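Numbering (my numbering), first residue to last: 1366 to 1605. This report concerns only the one structure given below.
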Ligand code: FES
């Protein structure tokens, strides 16, 4: 993890609000609902950082300061917690985050060629975003879906057995505004929407993740249609 994108000035004991608030009045009331879920308000630091990410597209310096101010922490304490997690981004992201696994199973099954195809087709390097702001591509470590290698995620939803050709088709479908579904059947959403769902998980506030009860993000769902038999036959673990 790196902190080089942040102004060193925020790494001190500063607890003041940023000059320009990140949260609107409505977003601030959602933030306070999140804080209210926890007996110790500092426990809300991660969901509040996801709330910032749902607004700014990453954990901005101003957002970090605002979270620190709300939770009565220093900016350094917020940064120390938030910078540990790869899902909290340190620089602006595209609408869709494409994460291709490059760990051992996926590398053996061709993920380097998949990454090369994305780099070539989108004209960007890893950890860069297309000029139109649509796509950020990154290499991920094991996504825990090795049985579908080479595997990848878009906005944290899984895709198995991807190829250089299929990833190009996927990004072009998203660019065209078409509905794209993951291997679990979930419609691919924009990264900011996913951050908002994570931030507001368990809330009953209208318009928050309370509307998505029972849904999981990037993990196994309890629904019958996502049981192992739903997986592609190529993975070899099909019994139905
Ligand atoms: S090695 Fe790629 S998902 Fe595990």
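Just so you know, even glycine gets a beta-carbon here, dropped at the ideal spot from N, CA and C. Keep in mind it's a predicted model, so treat the numbers as computed, not measured.
Say yes only if the C-beta of residue i is nearer than 7 Å to one or more non-hydrogen atoms of ligand 1, and no if none qualify.
{"i": "residue 1516", "result": "yes"}
{"i": "residue 1510", "result": "yes"}
{"i": "residue 1435", "result": "no"}
{"i": "residue 1647", "result": "In the structure as shown, the chain begins at 1366 and stops at 1605. Residue 1647 is therefore absent and cannot be evaluated."}
Just mark residue i as buried or exposed, buried being the case when its beta carbon has 16 or more other beta carbons within 10 Å.
{"i": "residue 1515", "result": "buried"}
{"i": "residue 1409", "result": "buried"}
{"i": "residue 1584", "result": "Note on residue 1584: pLDDT 46, under 50, position unreliable in the model; the coordinate value appears next. Exposed: under 16 other Cβ atoms inside 10 Å."}
{"i": "residue 1469", "result": "exposed"}
{"i": "residue 1447", "result": "buried"}
{"i": "residue 1449", "result": "exposed"}
{"i": "residue 1501", "result": "buried"}
{"i": "residue 1491", "result": "exposed"}
{"i": "residue 1485", "result": "exposed"}
{"i": "residue 1404", "result": "exposed"}
{"i": "residue 1464", "result": "buried"}
{"i": "residue 1433", "result": "buried"}
{"i": "residue 1530", "result": "exposed"}
{"i": "residue 1394", "result": "exposed"}
{"i": "residue 1541", "result": "exposed"}
{"i": "residue 1509", "result": "exposed"}
{"i": "residue 1534", "result": "exposed"}
{"i": "residue 1537", "result": "exposed"}
{"i": "residue 1426", "result": "buried"}
{"i": "residue 1562", "result": "buried"}
{"i": "residue 1599", "result": "The predicted position of residue 1599 is uncertain, since its pLDDT is 46 and thus under 50; no value can be drawn from it."}
Check this for me: beta carbons of residue i and residue j, under 8 Å apart or not?
{"i": "residue 1553", "j": "residue 1539", "result": "yes"}
{"i": "residue 1383", "j": "residue 1456", "result": "no"}
{"i": "residue 1512", "j": "residue 1547", "result": "no"}
{"i": "residue 1428", "j": "residue 1557", "result": "no"}
{"i": "residue 1418", "j": "residue 1560", "result": "yes"}
{"i": "residue 1503", "j": "residue 1462", "result": "yes"}
{"i": "residue 1652", "j": "residue 1406", "result": "The shown model of the chain, from 1366 to 1605, leaves out residue 1652, and the question about it has no answer."}
{"i": "residue 1532", "j": "residue 1482", "result": "yes"}
So residue i packs on residue j, CB below 8 Å; how close in whole Å?
{"i": "residue 1494", "j": "residue 1459", "result": "4 Å"}
{"i": "residue 1564", "j": "residue 1415", "result": "4 Å"}
{"i": "residue 1380", "j": "residue 1438", "result": "7 Å"}
{"i": "residue 1412", "j": "residue 1399", "result": "5 Å"}
Could you tell me which residues DSSP pairs with residue i in its beta bridges?
{"i": "residue 1523", "result": "1518"}
{"i": "residue 1546", "result": "1552"}
{"i": "residue 1465", "result": "1504, 1517"}
{"i": "residue 1335", "result": "Outside the displayed span of the chain (1366 to 1605) sits residue 1335, for which this structure offers no information."}
{"i": "residue 1494", "result": "1501"}
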